[in-house]
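Chemist:
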Amino acid sequence: MIEGFTALYIFMLAAFTGYEVISRVPVILHTPLMSGSNFIHGIVLVGAMVALGHAETGLEMLIGFIGVILAAGNAVGGYVATERMLEMFNKSNRGGAAK
Amino acid sequence: MSGFIEIVYFVAAVVFILGLKKMSSPVTARDGIVWAGVAMVAATLVTFFSPSVYGHGFFNLLLIVVAIAVGSYIAYKSAKSVEMTDMPQMIAIYNGMGGGAAAAIAAVELVRFAGGHDIGGGTVQLLAVLGALIGAVSFSGSAIAFAKLQGLMNKTLRLPSHQALNIALFVITVLFGAILAFSGEVGGFTVFLFFLCALALGVMVTLPIGGADMPVVISLFNALTGLAVAFEGYLLGNAAMIIAGTVVGSSGTLLTQLMAKAMNRPLSNILFSSFGSAGGAGEETVEGTMKEIEASDAAVMMAYADKVIIVPGYGMAVAQAQHKLAELVQLLEDRGVTVKFAIHPVAGRMPGHMNVLLAEAGIDYDKIYDLEEINPEFPTADVALVIGANDVVNPVARTNPDSPIYGMPILDADKAKNCIVIKRGKGSGFSGIENHLFYAENTRMLYGDAQKAISELIAGVKQL
Numbered sequence: 082m083i084e085g086f087t088a089l090y091i092f093m094l095a096a097f098t099g100y101e102v103i104s105r106v107p108v109i110l111h112t113p114l115m116s117g118s119n120f121i122h123g124i125v126l127v128g129a130m131v132a133l134g135h136a137e138t139g140l141e142m143l144i145g146f147i148g149v150i151l152a153a154g155n156a157v158g159g160y161v162a163t164e165r166m167l168e169m170f171n172k173s174n175r176g177g178a179a180k
Numbered sequence: 007m008s009g010f011i012e013i014v015y016f017v018a019a020v021v022f023i024l025g026l027k028k029m030s031s032p033v034t035a036r037d038g039i040v041w042a043g044v045a046m047v048a049a050t051l052v053t054f055f056s057p058s059v060y061g062h063g064f065f066n067l068l069l070i071v072v073a074i075a076v077g078s079y080i081a082y083k084s085a086k087s088v089e090m091t092d093m094p095q096m097i098a099i100y101n102g103m104g105g106g107a108a109a110a111i112a113a114v115e116l117v118r119f120a121g122g123h124d125i126g127g128g129t130v131q132l133l134a135v136l137g138a139l140i141g142a143v144s145f146s147g148s149a150i151a152f153a154k155l156q157g158l159m160n161k162t163l164r165l166p167s168h169q170a171l172n173i174a175l176f177v178i179t180v181l182f183g184a185i186l187a188f189s190g191e192v193g194g195f196t197v198f199l200f201f202l203c204a205l206a207l208g209v210m211v212t213l214p215i216g217g218a219d220m221p222v223v224i225s226l227f228n229a230l231t232g233l234a235v236a237f238e239g240y241l242l243g244n245a246a247m248i249i250a251g252t253v254v255g256s257s258g259t260l261l262t263q264l265m266a267k268a269m270n271r272p273l274s275n276i277l278f279s280s281f282g283s284a285g286g287a288g289e290e291t292v293e294g295t296m297k298e299i300e301a302s303d304a305a306v307m308m309a310y311a312d313k314v315i316i317v318p319g320y321g322m323a324v325a326q327a328q329h330k331l332a333e334l335v336q337l338l339e340d341r342g343v344t345v346k347f348a349i350h351p352v353a354g355r356m357p358g359h360m361n362v363l364l365a366e367a368g369i370d371y372d373k374i375y376d377l378e379e380i381n382p383e384f385p386t387a388d389v390a391l392v393i394g395a396n397d398v399v400n401p402v403a404r405t406n407p408d409s410p411i412y413g414m415p416i417l418d419a420d421k422a423k424n425c426i427v428i429k430r431g432k433g434s435g436f437s438g439i440e441n442h443l444f445y446a447e448n449t450r451m452l453y454g455d456a457q458k459a460i461s462e463l464i465a466g467v468k469q470l
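Residue numbers (our numbering), protein chains in the order written: chain A, 82 to 180; chain B, 7 to 470.
#1: Whole angstroms are fine: how far does the CA of K330(B) sit from the CA of G394(B)?
#2: If you count every other CB in all the chains shown that lies within 10 Å of the CB of A325(B), and 16 or more means buried, which is it?
#3: Please list, in chain order, the residues of the stretch 64–93 of chain B that have any C-beta partner in chain A closer than 9 Å.
#4: Any beta carbon of chain A sitting closer than 9 Å to that of S30(B)?
#5: With contact counted as at least three CB pairs below 8 Å, one residue from each stretch, are the stretch 102–116 of chain A and the stretch 157–170 of chain A in contact?
#6: Between the Cα of K468(B) and those of D37(B), A456(B), F176(B), S302(B), spot the shortest distance and give me the residue it belongs to.
#7: Does the stretch 14–25 of chain B come into contact with the stretch 132–139 of chain B, if we say contact requires no fewer than three beta-carbon pairs (one atom in each stretch) closer than 8 Å?
#8: Which same chain residues end up closer than 7 Å to L151(A) when comparing Cβ atoms and leaving out the 5 residues on each side of it in sequence?
#9: Who does T449(B) pair with in a DSSP beta bridge?
#10: Please check the pair L419(B) and V317(B), which I expect to be a contact at CB under 8 Å, by giving their CB distance rounded to whole angstroms.
#11: Comparing the C-beta of F54(B) with each C-beta of chain A, is any distance below 9 Å?
#12: Quick one: Cα of A206(B) to Cα of M96(B), how far?
#13: Go to I374(B), then tell me how far its beta strand (DSSP E) extends in each direction, as first and last residue.
#14: For R271(B), return the contacting residues in chain A, with the cut-off set at a CB-CB distance below 8 Å.
#15: What does V317(B) pair with, by DSSP beta-bridge criteria?
#16: Should M414(B) be flagged as near chain A, meaning a C-beta pair shorter than 9 Å?
#17: What are the uninterrupted segments assigned as alpha helix (DSSP H) that are 4 or more residues long and contained completely in the stretch 114–171 of chain A, given in chain order?
#18: With a threshold of 16 other CB atoms inside 10 Å of the CB of I215(B), please say whether the residue is buried or exposed.
#19: If you compare alpha carbons, which of A348(B), V314(B), H442(B) is closest to E339(B)?
#20: Going by beta-carbon coordinates alone, are V209(B) and S167(B) separated by less than 9 Å?
#21: Quick check on DSSP: helix, strand or coil for F54(B)?
#22: When you compare the CB positions of P351(B) and A268(B), do they come within less than 9 Å of one another, or not?
#23: How would you list, in chain order, the residues of chain B whose beta-carbon sits under 7 Å from the beta-carbon of G134(A)?
#24: Just to confirm the assignment, what range does the alpha helix (DSSP H) spanning A266(B) have?
#25: Taking the CB atoms as reference points, tell me whether A153(A) and F120(A) lie closer together than 9 Å.
#26: Rounded to whole angstroms, what's the CA-CA distance from A98(B) to Y310(B)? Just pull it up for me.
#27: What does R5(B) touch in chain A if you count any residue whose Cβ is under 7 Å from its own?
#28: Note down the Cα distance separating L5(B) from A75(B), rounded to an integer number of angstroms.
#29: Which residues of chain B have a Cβ atom closer than 7 Å to the Cβ of F146(A), listed in chain order?
#30: Nearest to G466(B) by alpha carbon, out of M307(B), A390(B), A403(B)?
#31: Identify whether I349(B) lies in helix, strand or coil by the three-state DSSP scheme.
#32: Consider the Cβ of E238(B): report whether some Cβ of chain A lies at a distance smaller than 9 Å.
#33: Looking at the C-beta of G285(B), does it have a partner C-beta in chain A at a distance below 9 Å?
#34: Compare the beta carbon distance of L226(B) and G258(B) with 9 Å and say whether it is the shorter of the two.
#35: With DSSP as the reference, label G286(B) as helix, strand or coil.
#36: Candidates K297(B), I224(B), T91(B): which alpha carbon is nearest A149(B)'s?
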């Protein structure tokens, strides 16, 4: 378990990290980047698995089940969408270099 | 085993940050997402061996596997098959799913709590409820954003005294949340009402927001989902969720600000006022008439020009016209015409949306210019070809302080010697504001679907 101030420190450092990582990004990458960060919060899948894992009653299982479906959708959909977009940048890179 | 799981989570968190860093440069972006993907798979796999998953019976394990299979299958199929032009709403829906998942985690824990389990109490409980609220709002709000962009819901809906209703709903939701967060014992029904209110709040907040502002809103929901995931991470004591969620929360907030700045509208404006509520602005009359042009004449104008600047907008995306456009550009360049692309930061439905589409069609980076770079060049251009763009070239943003889009930086297509506008019909654009450019002396309208119109232009140029 992560307690009190330790958690606060983690939160603060991670917040600064996120801010710094993005701060100099060209406009053309805004959409792929949004999609990419969308994928990264797909880590919620891990939490949804734990929630469903220790669910006991039928209701808990039902909610947990929906949670895991949603989370898996977030992760997989986010990945495929981002990958497809970035694929195109690669293609046009190669095309540009070949000319 | 538990130590090993922690190590994997730790490494995954680091790789997520590095992946995000790589994604912020075009050259390394592809590696970034692949790295993050590997980390995600590793984190998911080790979670199967965590005590709260592995030790709790075969049935739960089976449910997890089935749920992952179902969710992955649906998302994979939809993400693979969707057209590039529809990507913005897909991002919205995947993001909403993440928010929903965060809310579901909190719901399971709160139901357990209502059933007498200890879920941690104190701060943890408060954060869980906060995450649930944010996640649920992001879930239902993203669903509305999806419906709007997908065209399932065209009107911006505004109830009488919508603002007051929203505030009331917000207060009620927070009250229920406070009961859940601070009392030692809660009933299942309170949990139910809390989630109902939170979901309704997401719908109510998103309904009055116009489609033109949707990119900013989706980005905001993305940041919110990140935050919700981080809070649920506290609840479950999962550092990977805390770090990844927080990083997305803060980077998403920054991204949202960048977008709002590109539209020159403060975020509060976007969230709490909508186009059309400004009143009065629509009453002024526009001088002049819209003058039509035949595709063959337009082709002549462009073929004999020295410099053509193309302004693509959502109309190009809808018509899937980027490939035809690339063909036209090739033809013009073969004739010695200089062709440049002017991309408004919010052209289409998302920043960078046009760049993605043009990249898909194989158009070189170096022909594509940002607003600041290209605006001084419009006066020297012989033809500005506007393809399905509207608000981003509307000169009232410069001239009329009463207009809802006044102050938004626009592309100065009206300053080109001639302006050709490809447009589907005579109606006004997404925001419903009359575009003075269409009535200007040097503007000619080429009506029709962008793909068809560009095909005709190609045929016209080939005949010369």
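Glycine residues also receive a C-beta, built at the ideal position from the N, C-alpha and C atoms.
Fair warning: this is a prediction, and the values are worked out from it, not measured in the lab.
Modeler: On the basis of the data shown:
#1: 14 Å
#2: buried
#3: For the stretch 64–93 of chain B, which is checked against every Cβ of chain A, the residues closer than 9 Å are F65, N66, L67, L69, I70, V72, A73, I74, A75, V76, G77, S78, Y79, I80, A81, Y82, S84, A85, K86, V88, M90, M93.
#4: yes
#5: With a cut-off of 8 Å, the stretch 157–170 of chain A and the stretch 102–116 of chain A count as touching, because enough Cβ pairs lie within range.
#6: Checking every option, the nearest Cα to that of K468(B) belongs to S302(B).
#7: no
#8: Cβ contact annotation for L151(A) (same chain, cutoff 7 Å, sequence separation greater than five): none.
#9: C425(B)
#10: The residue you asked about is not Leu; residue 419(B) is Ala in the sequence shown. Separation of the CB atoms of A419(B) and V317(B) is rounded to 5 Å, and the pair is thereby assigned contact status at 8 Å.
#11: yes
#12: 21 Å
#13: 374–376
#14: Per Cβ cutoff of 8 Å: no residues; R271(B) is ~16 Å from chain A at best.
#15: V392(B)
#16: no
#17: Fully enclosed alpha helix (DSSP H) runs of 4 or longer: 125–134.
#18: buried
#19: V314(B)
#20: no
#21: coil
#22: yes
#23: S58, V59, H62, N66, I70
#24: 245–268
#25: no
#26: 43 Å
#27: Residue 5(B) lies beyond the stretch modelled for chain B, which goes from 7 to 470, so this question has no answer here.
#28: Residue numbering for chain B in the displayed model covers 7 to 470; residue 5(B) lies beyond these limits and cannot be assessed.
#29: L69, A73
#30: M307(B)
#31: strand
#32: yes
#33: At G285(B) the pLDDT is 39, less than 50, meaning the model places this residue with poor confidence; the figure from the coordinates comes in the next sentence. G285(B) does not count as touching chain A.
#34: yes
#35: The predicted position of G286(B) is uncertain, since its pLDDT is 38 and thus under 50; no value can be drawn from it.
#36: I224(B)
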